[in-house]
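Q: Numbering (full-length UniProt numbering), first residue to last: 2 to 354.
Note that beta-carbon positions come from the ideal geometry of N, C-alpha and C, so glycine has one too.
Model, not experiment: these values are computed from the prediction.
I have a structure I would like to understand better, so I am pasting it below and will then ask my questions one at a time.
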Ligand code: F0G
C-alpha cells in the first residue's frame with residue numbers, strides 16, 4: 002500500500018545534499034491543507050491552514066530535522082546538539098533516537114512547555130536547563146559544536162532549511178500555484194527563510210507562476226525583526242517564539258523585502274484569543290506561537306485591512322497538545338460538571354430536553 006514517504010524521499014531530488022546521505026525519516030511532511038471556513042467567511046477570502054502540528058513530533062521542525070540528522074549521520078556524527086524553545090529539541094531527540102545517536106539539548110530553564118520537555122526526555126535526550134534565554138542557549142550550542150565532537154542542528158545548519166522549504170513545495174503542489182499571501186509566525190526566523198527559498202525555487206523550476214508576499218508575525222514582547230534590533234529580554238506567553246536575536250536575521254529580512262512582505266508584532270492576548278477561536282471554530286488546536294499568524298489576520302481585519310478575494314495560506318506551526326497549561330489558563334470560568342452515573346442527571350446538567 003502507498004504511504005507518504007517523508008520529505009527526503011518525496012523531495013530529496015530538489016535539495017542540495019552531500020553525496021551518499023542516508024535517509025533517517027519518521028515519514029514527516031505531507032501535512033494537510035485545511036480550509037478555514039471561519040477565516041474565509043470572515044475575510045471574504047480563500048484561507049487555507051497548513052497544519053504542521055500533524056508532523057510526527059507535532060511541529061514543522063521534523064521537516065528540517067530529517068535532513069539535518071541524515072546529513073549528520075552521513076558525516077559520521079555520534080552526537081547532536083541544539084538550543085530550543087521546545088519544539089526543535091523534541092524533534093531532534095526523536096530523529097536522534099531513530100538514528101541511534103546521542104541527543105543533547107539546551108533549553109531556557111522554566112520557559113518551555115511541559116509537553117515538549119516530556120518529548121525530549123522520553124526520546125532519550127540529555128536535557129540541560131540553562132539559567133538564561135533561548136539566545137544564550139544558541140550561543141552555547143554553537144560553541145559546544147565548535148569545540149566538542151557534537152553536530153549542531155539548529156537552523157543555522159543549512160540542511161534544516163533544505164528540509165523545511167518542502168512545505169512550500171507541498172503548498173504549490175496542492176494549490177497548483179503559489180498563493181498570493183503567506184502568513185506565519187516568526188521566532189528564530191528559519192522557517193520564513195525556508196518557505197521563501199521553497200517558493201523561489203518552485204517558480205524557477207516552473208512549478209509556480211508567482212511568489213507570495215510573506216507576512217510574518219512576531220510576539221509584541223519578542224519582536225526584534227519588527228524593531229530592527231535585537232531584544233535583550235524577550236517576553237511572551239508564546240514560549241516557542243520567545244527569541245530576542247534571530248539566527249536567520251538576514252535571510253528573513255531578504256525574504257520580507259524580496260517578497261514585498263512585512264514583519265509585524267501582535268500582543269499576547271490577541272495570540273491566545275486566536276488560538277482559542279481557531280480551535281473552537283475550525284477544529285484546529287494549535288499551540289500559542291502557532292496562532293500568531295491567525296491573530297495577525299484578525300488584527301488586520303479589525304483595522305479595516307481588506308483580504309477580500311485573496312488566496313491566503315496560514316502556517317500553523319505546532320500542535321496544541323504540546324502546551325495544555327497555557328491553553329487552559331485562558332479559560333478563567335472553567336467549572337467541572339459532575340453528576341451521578343445516571344443518564345437523566347447528565348441530560349439535565351446538559352440542558353437537554
Ligand atoms: N512556531 C513554533 C511552534 C515554533 O516552535 C517556532 C520555533 C516558531 C513558530 C518560529 O519558527 O524559529 O523558524 O522563526 N521554535 C524553535 C524551537 C525556536 O526551538 O523549537 P522560526
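Going by the CB atoms, is the gap between residue 67 and residue 164 shorter than 7 Å?
A: One-based indexing of the chain shown puts residue 164 at position 163. One-based indexing of the chain shown puts residue 67 at position 66. It is a contact, given that the beta carbons lie within the stated cut-off.
Q: Can you tell which of 64, 352, 291, 308 has its C-alpha closest to the C-alpha of residue 171?
A: Counting from 1 along the chain shown, the entry for residue 171 is found at position 170. Selected option, being the one with the closest Cα: 64.
Q: Specify the secondary structure class of residue 107 as computed by DSSP and reduced to three states.
A: Position 106 of the chain shown, counting from 1, holds the residue named residue 107. Strand, per DSSP.
Q: Across the segment 276–290 and the segment 257–265, are there enough close Cβ pairs to call them in contact, namely three or more that are closer than 8 Å?
A: Verdict: no, contact absent.
Q: Just checking, does the segment 316–332 make contact with the segment 183–198 on the three C-beta pairs under 8 Å criterion?
A: Verdict: yes, contact present.
Q: Does DSSP put residue 16 in a helix, a strand or coil?
A: On the chain shown, residue 16 is found 15 positions in, with the first residue counted as 1. Coil, per DSSP.
Q: Could you name each continuous beta strand (DSSP E) segment of 3 residues or more that falls completely within the segment 44–116, going from the start of the chain to the end?
A: Segments of the beta strand (DSSP E) lying fully in the segment 44–116: 47–52, 80–84, 103–109.
Q: What are the boundary residues of the alpha helix (DSSP H) that includes residue 225?
A: Taking the first residue of the chain shown as 1, we reach residue 225 at position 224. That run of the alpha helix (DSSP H) goes 225–228.
Q: By the 10 Å Cβ neighbour count, where 16 or more other Cβ atoms means buried, how is residue 167 classified, buried or exposed?
A: As a working note, residue 167 is residue 166 in the chain shown. It counts as buried.
Q: Measuring CA to CA, which of 133, 53, 121, 93 is closest to residue 69?
A: Taking the first residue of the chain shown as 1, we reach residue 69 at position 68. Cα-wise, what sits closest to residue 69 is 93.
Q: Can you grab the Cα-Cα spacing for the pair residue 19 / residue 59, in whole Å?
A: Here the question's residue 19 lines up with position 18 in the chain shown. Here the question's residue 59 lines up with position 58 in the chain shown. So the two alpha carbons sit approximately 28 Å from each other.
Q: Measuring alpha carbon to alpha carbon, tell me which residue in 354, 238, 266, 49 is nearest residue 325.
A: In the chain shown, residue 325 corresponds to position 324, counting from 1. Of the listed residues, the one whose Cα sits closest to residue 325 is 238.
Q: Please state whether DSSP places residue 370 in a helix, a strand or coil.
A: Absent from the model: residue 370. The displayed extent of the chain is 2 to 354, so no value can be given.
Q: Confirm the yes/no value for this check: CB of residue 240, any heavy atom of the ligand F0G, distance under 6 Å.
A: On the chain shown, position 239 is the one that residue 240 refers to. For the ligand F0G, not one heavy atom lies less than 6 Å from the Cβ of residue 240.
Q: Would you call the CB atoms of residue 231 and residue 244 closer than 7 Å?
A: By one-based count along the chain shown, residue 231 stands at place 230. By one-based count along the chain shown, residue 244 stands at place 243. Taking 7 Å as the Cβ cut-off, residue 231 and residue 244 do not qualify as a contacting pair.
Q: Quick one: is residue 338 buried, meaning 16 or more other Cβ sit within 10 Å of its Cβ, or exposed?
A: Residue numbering aside, residue 338 sits at position 337 when the chain shown is read from its first letter. Flag for residue 338 reads exposed.
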